[in-house]
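A.B. asks: Got a structure here, written out as structure tokens. Questions coming.
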Amino acid sequence: MLAGTVRGLHRWPVKSLRGEDVSAARLDDRGMAGDRAHALVDGRRGRDGKVRTVRQDSGMLGWSAAYGDVPDPVGPPELRGPDGTTWTWGDPELAEALTTSLGGPLDLRAAPGQQDRGPTVLVTFQASLDGLGEELGAEVDLRRFRTNLHLEADLPAFAEQRWEPGVRLAVGEVELAVTGEHSGPCVRCAVPSWDAAGRERWRGLQQHLIGAHDNLFGVIMRVTRAGDVRVGDEAGEPSARV
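Each residue of the sequence shown is one higher than the one before, starting from 62 at the first, in this note's numbering.
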């Protein structure tokens, strides 16, 4: 029977920028409130109108975005550039500053629920992070995986890779489930191979995930009972069926 606690809550206000650690978060039919609710839209030829991500530009990790330590943000985030300058989302000069920093024309988009994996929550486990580090012989920074909910639990490393539709997880006021609809063990893209600031690439990390773990790390879940989750909240048995 699973027992654990919330070790960390992590929100990413602007897709592919660095995010923020929070002490509490609202989880509901949006996923985590405020998570990836904003994006930078490419204006370059051949990519016009598409969301720009770390996969096209690792320099995006030089920028960060934050609402502040509130569970359910009201209003847009504040951005911080590589030089430490802060910008409000509505600043008319922000798009130009981003374009100068990252290259090529960029527009700003605010659209709650625009996550490419749908309104879901990414859950990771400390046992799996530790296990991955042991396999690689090096510490692995959790921020590489852009998780939302990080748990310390009495599960063996990588157990969540076998979770199937119907598995539930109770965390604080919230209940999460693997439903099979854009949820389940998380197939990783190349983003985790970049360090949190986008300066160096560790290709061996993704190669190891592909070879040893079918390129899986963490589990994507949907919120089936909304509420607030706080760091330190208890996490309960996930084996009940939907």
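The beta carbon of each residue, even a glycine, is placed where N, CA and C say it ideally should be.
According to DSSP, Pro246 sits in a beta bridge with which residue or residues?
C.D. replies: Paired residues: Val280.
A.B. asks: Go ahead and label Gln267 buried or exposed: buried means 16 or more other beta carbons lie within 10 angstroms of its beta carbon, across all protein chains shown.
C.D. replies: With 16 or more Cβ atoms within 10 Å of its Cβ, Gln267 is classed as buried.
A.B. asks: Whole angstroms is fine: what's the gap from Gly129's alpha carbon to Pro153's?
C.D. replies: About 22 angstroms.
A.B. asks: Assign Gly110 to buried or exposed, taking buried as 16 or more other Cβ atoms, counted over all protein chains shown, within 10 Å of its Cβ.
C.D. replies: Classification for Gly110: exposed.
A.B. asks: What separation, rounded to the nearest whole angstrom, lies between the Cα atoms of Asp89 and Ile281?
C.D. replies: If you take the alpha carbons of Asp89 and Ile281, they lie about 14 angstroms apart.
A.B. asks: Determine, using beta carbons only, whether Gly288 and Arg87 come nearer to each other than 9 angstroms.
C.D. replies: Yes; because the gap between Cβ atoms is below 9 angstroms, this pair is in contact.
A.B. asks: Exposed or buried, which one is Arg113 when buried takes at least 16 other CB atoms within 10 Å?
C.D. replies: That one is buried.
A.B. asks: Thinking Leu167 and Asp103 are a contact (beta carbons under 8 angstroms), I'd like their distance in whole angstroms, please.
C.D. replies: Right, the Cβ-Cβ distance comes to about 7 angstroms (below 8 angstroms), so this counts as a contact.
A.B. asks: Going by DSSP, name the residue or residues bridged to Gly92.
C.D. replies: Answer is Asp89, bridged to Gly92.
A.B. asks: Does the beta-carbon of His243 have 16 or more other beta-carbons within 10 angstroms, so that it is buried, or is it exposed?
C.D. replies: Exposed.
A.B. asks: For Gln187 versus Leu210, is the C-beta spacing smaller than 9 angstroms?
C.D. replies: No, they are not a contact pair.
A.B. asks: Taking Asn276 as the reference, which of Gly259, Arg260, Val252, Val292 has the closest Cα?
C.D. replies: Nearest option by C-alpha distance: Val252.
A.B. asks: Quick one: residues in its chain with C-beta nearer than 6 angstroms to the C-beta of Arg141, no 5 flanking neighbours on either side, listed in chain order?
C.D. replies: Cβ neighbours of Arg141 beyond the five flanking positions: Ser125, Thr147.
A.B. asks: Please report the residue range of the beta strand (DSSP E) in which Glu213 lies.
C.D. replies: Run containing Glu213: 210-214, per the beta strand (DSSP E) assignment.
A.B. asks: Note down the Cα distance separating Thr161 from Thr208, rounded to an integer number of angstroms.
C.D. replies: Looking at the two C-alpha atoms, the distance is approximately 29 angstroms.
A.B. asks: Extract the residue ranges of the beta strand (DSSP E) inside the region 185-241, only unbroken runs of 3 or more that lie entirely within it.
C.D. replies: With a minimum length of 3 residues, the continuous beta strand (DSSP E) runs that stay inside the region 185-241 are 210-214, 229-232, 235-238.
A.B. asks: Mapping DSSP to helix, strand and coil, what is Glu157?
C.D. replies: The answer is helix: DSSP assigns Glu157 an H, G or I state.
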